[in-house]
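Everything below concerns the one structure shown next.
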Amino acid sequence: DCANGSGSVLTPKLLRELGCEVKAINTSISGEFPHGLEPTEENLKDVCKLVKKSKVDIGVVHDGDADRAAIISHDGKLIDWDSLLSVLAYGKRRVITTVDASMRIEKVCKEVIRTKVGDVAVANAILLENADFGGEPSGSFIFPEVHLFPDGVLTAAIVAKLVSEGKFYERLEKIESYPTTRLKIPFSGDKSGFVEKLKKLVANEYSSKDVELNFVDGVRLSFKDGWFLIRPSGTEPCIRITAEGKDETTLREIVSIAMNHVKMVLDVT
7 DCANGSGSVL
17 TPKLLRELGC
27 EVKAINTSIS
37 GEFPHGLEPT
47 EENLKDVCKL
57 VKKSKVDIGV
67 VHDGDADRAA
77 IISHDGKLID
87 WDSLLSVLAY
97 GKRRVITTVD
107 ASMRIEKVCK
117 EVIRTKVGDV
127 AVANAILLEN
137 ADFGGEPSGS
147 FIFPEVHLFP
157 DGVLTAAIVA
167 KLVSEGKFYE
177 RLEKIESYPT
187 TRLKIPFSGD
197 KSGFVEKLKK
207 LVANEYSSKD
217 VELNFVDGVR
227 LSFKDGWFLI
237 RPSGTEPCIR
247 ITAEGKDETT
257 LREIVSIAMN
267 HVKMVLDVT
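FYI, the numbering used here numbers position 49 of the sequence shown as 55, with every residue one higher than the one before it.
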């Protein structure tokens, strides 16, 4: 599904030249995106049904400018971004991802370096760290052996190759899944001031504890069995909390800790 965008010509052509049997839809290059601007599960319900009905090996859906490629499994399920990120990072020596990515990626490659949210930050870190791969859980994936920008067409080709080799679903089955939550707290104050106060708070509280602190983009605390990220929104008047735990009980505990930290900072702001 090329979304009537810039991938309409190149992606079907490339996949066919690689030996794939391709059923291409929405290839009119009209700029009228048939399933909205974001390739979300809600927006892609009809495409997921079509993939399952067609009995194909894999489904690929671009956004308008084809810098991303959402992947639908043969049984019509949209593969979440974190799982796809981990499949593509599987077995790599050094991987760059963002502070909001799942901890499952640490399980599948040798070294993970986290950077700011955004593909520019990921690309810069790939260069700086001489990494093999970089990506973020928004569907932006960078393959430095080819070039240093997100490329949904290339992602589609690499996924097709993994499927043909029997590696894609094999890797997907091995990747663990953890409960995750995302919260928004209304906040119209000084965002940079909020972050600085939060940094001081957690630095003092966790200085002697077995907790990994990351201040590269907001405040991320990684515990043994989970993590949270507190980060002001760049587009909305709110503070965003992302948290993940090995199970629901752990997740609730981590969310409670994160909320308490936010409340403590807001009470003195």
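Glycine included, each C-beta is placed from N, C-alpha and C at the ideal position. Note that this is a predicted model, so its numbers are computed, not measured.
Starting from residue i, trace the alpha helix (DSSP H) both ways and give me its first and last residue.
i, result
"alanine 162", "158–170"
"glycine 199", "197–211"
"alanine 131", "125–135"
"valine 93", "87–95"
"cysteine 54", "51–60"
"threonine 17", "16–23"
"threonine 147", "Per the sequence presented here, residue 147 reads as phenylalanine, with threonine not at that position. No alpha helix (DSSP H) holds phenylalanine 147; the beta strand (DSSP E) holding it covers 146–148."
Mind checking which residues open and close the beta strand (DSSP E) that includes residue i?
i, result
"valine 101", "100–104"
"threonine 110", "Looking at the sequence shown, residue 110 is not threonine but arginine. Arginine 110 -> no beta strand (DSSP E), and no H or E assigned at all."
"serine 79", "75–79"
"isoleucine 35", "First-last for isoleucine 35: undefined, no H or E at that position."
"threonine 121", "117–121"
"proline 238", "232–238"
"threonine 186", "186–192"
"phenylalanine 139", "139–142"
"leucine 227", "225–228"
If you compare alpha carbons, which of the options is closest to residue i?
i, options, result
"valine 271", "Thr241, Leu204 and Leu235", "Leu204"
"glycine 97", "Asp86, Cys115 and Arg110", "Cys115"
"glycine 240", "Glu38, Asp223 and Leu168", "Asp223"
"glycine 70", "Asn266, Thr256, Ser34 and Ala129", "Ser34"
"valine 152", "Leu133, Glu142, Ser144 and Gly145", "Leu133"
"threonine 46", "Lys269, Trp87, Ser198 and Pro192", "Trp87"
"proline 192", "Met265, Ala163, Gly140 and Ser60", "Met265"
Is it buried or exposed, residue i, if we count other Cβ atoms within 10 angstroms and call 16 or more buried?
i, result
"leucine 235", "buried"
"valine 67", "buried"
"arginine 99", "exposed"
"valine 15", "exposed"
"glycine 232", "buried"
"aspartate 248", "A quick correction: the sequence has threonine, not aspartate, at residue 248. Flag for threonine 248 reads buried."
"leucine 160", "buried"
"valine 126", "exposed"
Could you check the C-alpha separation between residue i and residue j for me, to the nearest Å?
i, j, result
"valine 225", "arginine 237", "6 Å"
"alanine 209", "isoleucine 263", "14 Å"
"leucine 281", "isoleucine 31", "The displayed coordinates of the chain run from 7 to 275. Any statement about residue 281 would go beyond what the structure contains."
"lysine 113", "isoleucine 181", "8 Å"
"aspartate 106", "glutamate 259", "18 Å"
"valine 169", "lysine 215", "43 Å"
"glycine 82", "serine 213", "47 Å"
"serine 194", "phenylalanine 221", "21 Å"
"serine 60", "lysine 230", "43 Å"
"glutamate 23", "alanine 166", "12 Å"
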